[in-house]
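The block underneath contains the structure these notes are about, expressed in structure tokens.
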Amino acid sequence: MGEILIRQAKLSDVPAISRIEVDSFDSPWSAKEITKDVTAGGGIYFVVAVDGSECVGFAEMRSIAGEAQIYNIAVAEEARGRGIGEALFRHLIDKAEESGCDVVNLEVRAGNEAAIGLYRKLGFVEVGRRRKYYYGKEDAILMDLDLRKVQVDVVIEN
Numbered sequence: 003m004g005e006i007l008i009r010q011a012k013l014s015d016v017p018a019i020s021r022i023e024v025d026s027f028d029s030p031w032s033a034k035e036i037t038k039d040v041t042a043g044g045g046i047y048f049v050v051a052v053d054g055s056e057c058v059g060f061a062e063m064r065s066i067a068g069e070a071q072i073y074n075i076a077v078a079e080e081a082r083g084r085g086i087g088e089a090l091f092r093h094l095i096d097k098a099e100e101s102g103c104d105v106v107n108l109e110v111r112a113g114n115e116a117a118i119g120l121y122r123k124l125g126f127v128e129v130g131r132r133r134k135y136y137y138g139k140e141d142a143i144l145m146d147l148d149l150r151k152v153q154v155d156v157v158i159e160n
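Just so you know, we're using the working numbering here: the sequence shown kicks off at 3 and counts up by one.
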């Protein structure tokens, strides 16, 4: 495994992002939708994870009024299990903090146990559900990470 670089997505990354999107989701976003977001700027932050010259993952976050919402994140099937998804998530959380956001939120399919485990590991908590949101069958779990809560390790000496 080479060193993974996370950088702002470019128009030239769209074909690789589209391939990962199609391989990862039942209802993938189109290349046109991805291109729109990659080139939008403003409150949209779109990054890719690159191994050498190959795009192996991507993530998109939008921020407005002190909140950041993670819209999409995926890692190429052949690159999964290497910590790239977690690195992308930590990068987005850092960017949200730098941007002055108080909360990061997302939604995830209730059956996506691997993703839910990662989100909980990073401090996200379930704040709600959308019943049968995905294809009229599967719940969407709404999760938040409150960036205002500072974790403090307390040491008690006897």
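No residue lacks a Cβ here, since even glycine has one placed at the ideal position from N, Cα and C.
Selected residue, minimal CA-CA separation from residue i, among the options
i	options	result
ILE86	GLY68, VAL50, GLY102	VAL50
ARG131	ASN107, ALA116, GLY83, LEU149	ASN107
GLY44	ALA33, ILE66, ASP28, THR37	ILE66
LYS161	TYR47, LEU13, GLU79	Since the first residue of the chain shown is 3 and the last is 160, residue 161 is not available in this structure.
SER26	GLY119, ASP148, GLY59, LYS123	GLY59
MET145	ASP28, ILE118, HIS93, ALA76	ILE118
LYS134	GLY125, ARG122, GLY113	GLY113
ASP28	PHE126, VAL127, ALA76, GLY102	ALA76
GLU11	LEU90, ARG82, VAL24, GLY68	Reading off the sequence, residue 11 comes out as Ala, not Glu. Taking only the C-alpha atoms, the option nearest ALA11 is LEU90.
ALA81	GLY54, ALA42, LEU124, ILE46	GLY54
ASP15	TYR47, LEU7, ASP39, CYS57	CYS57
TYR47	GLU100, TYR136, GLY138, TYR121	GLU100
CYS103	ARG150, LEU124, LYS139	ARG150
GLY125	ASP141, ILE36, VAL24, ARG92	ARG92
GLU79	ARG21, ILE8, TRP31	ARG21
Residue i, enclosing beta strand (DSSP E) - first and last residue
i	result
ARG9	6 to 10
ASP53	46 to 53
Where residue i sits in the DSSP three-state scheme
i	result
ALA67	coil
PHE27	coil
LEU13	helix
LEU94	helix
ALA78	coil
GLY87	helix
Cβ distance (whole Å) where residue i is taken to contact residue j below 8 Å
i	j	result
MET63	ALA18	That pair is no contact at about 19 Å.
VAL110	LEU147	VAL110 to LEU147, Cβ: 13 Å. No contact.
ALA42	LEU94	Wrong, their Cβ atoms sit about 16 Å apart, outside the cutoff.
ILE1	GLU23	Because the chain in this structure spans residues 3 to 160, residue 1 falls outside the shown range and cannot be described.
ARG232	VAL52	Nothing in the structure corresponds to residue 232, since the chain is present only between 3 and 160.
Residue range of the unbroken alpha helix (DSSP H) whose run includes residue i
i	result
ALA42	33 to 42
Open item on the list: Going residue by residue through the stretch 104 to 145, where are the continuous beta strand (DSSP E) segments of at least 3 residues, counting only ones entirely within it?
Closed with: 105 to 111, 127 to 136
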